[in-house]
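Comments concern the structure below.
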Amino acid sequence: MEPEAAVAMVHAREPAESLLLMRRAEREDDSWSGHWSFPGGLRQPNDRDLIDTALRELAEECGIALPREMLERPLPHQAARRKMGEPILVAPFIFRVSHAMPTIPDGREAVEALWIPLSRLLDPSQHAMRPVPGRPPDTLYPCIELNGTPLWGFTYRLIRNWLGLSEGEM
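Going from the sequence shown to this note's numbering is simple: count from 1 and add 5.
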């Protein structure tokens, strides 16, 4: 089965190793409204492949234009659950850049973009079980708090897999 969507996981080396995340704008038609995510979205007919999709979405949502040559490697396809309907298969791509780049979030798609240090993502004290918005308050999910909004779900799972961390390490 071919993925319908792609995400750009942009990994910077300087000033400290970090990963670009964005907080999605709140929209009724968005299953991940208000969540932390990687820039990404559905493949469009004029995208020649899913790498194009990831790069187009990165430019649209965060104002960062990267050439295809910055692709370090693809990651295994992952299913992302939606509010309604079947899960969507997503192709994640790691792009490596030398420095954290300035971002210009597109307010229709993203309200905030942050370069999160890998040291924070790797720190077990940053990970906790918490309720998340839109879910029953007595149901807890593994997450990291970022600016008052939990990083959880699909994006959290991608980060955990990429960093090679098991459930017990987070």
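Cβ coordinates follow ideal geometry from the N, Cα and C atoms, glycine included.
Give a yes or no on whether the C-beta atoms belonging to residue i and residue j are separated by under 8 Å.
i	j	result
residue 95	residue 44	no
residue 1	residue 71	Nothing about residue 1 can be reported from this structure: the residues present for the chain run from 6 to 175 only.
residue 26	residue 119	yes
residue 82	residue 8	yes
residue 113	residue 21	no
residue 149	residue 131	yes
residue 102	residue 75	yes
residue 161	residue 138	no
residue 61	residue 52	yes
Is the beta carbon of residue i within less than 7 Å of some heavy atom of the ligand ATP?
i	result
residue 71	Summarising the ligand content, the structure contains no ligands, and the ligand ATP is consequently not present.
Comparing C-alpha positions only, which one of the options sits nearest to residue i?
i	options	result
residue 115	147, 65, 59	65
residue 59	84, 97, 141, 23	97
residue 63	157, 169, 28	28
residue 78	84, 92, 56	56
residue 19	111, 122, 149, 152	122
residue 152	117, 86, 169	117
residue 159	73, 124, 84	84
residue 169	67, 80, 50, 6	80
residue 129	141, 6, 73, 165	165
residue 6	49, 24, 92	92
What distance in whole Å lies between the Cβ atoms of residue j and residue i, which are believed to be in contact at a cut-off of 8 Å?
i	j	result
residue 106	residue 69	5 Å
residue 155	residue 144	Wrong, their Cβ atoms sit about 13 Å apart, outside the cutoff.
residue 40	residue 100	Actually they do not touch by this definition, with Cβ atoms about 21 Å apart.
Where does residue i sit, in a helix, a strand or coil, going by DSSP?
i	result
residue 173	Only weak support exists for where residue 173 lies, its pLDDT of 49 falling under 50; the coordinates are left without a value.
residue 41	strand
residue 58	helix
residue 167	helix
residue 49	coil
residue 140	coil
residue 1	What the structure shows of the chain is the stretch from 6 to 175, and residue 1 is not part of that stretch, so it cannot be assessed.
residue 64	helix
Considering only DSSP beta bridges, list what residue i is partnered with.
i	result
residue 104	19
residue 12	45, 97
residue 148	133
residue 118	27
residue 79	98
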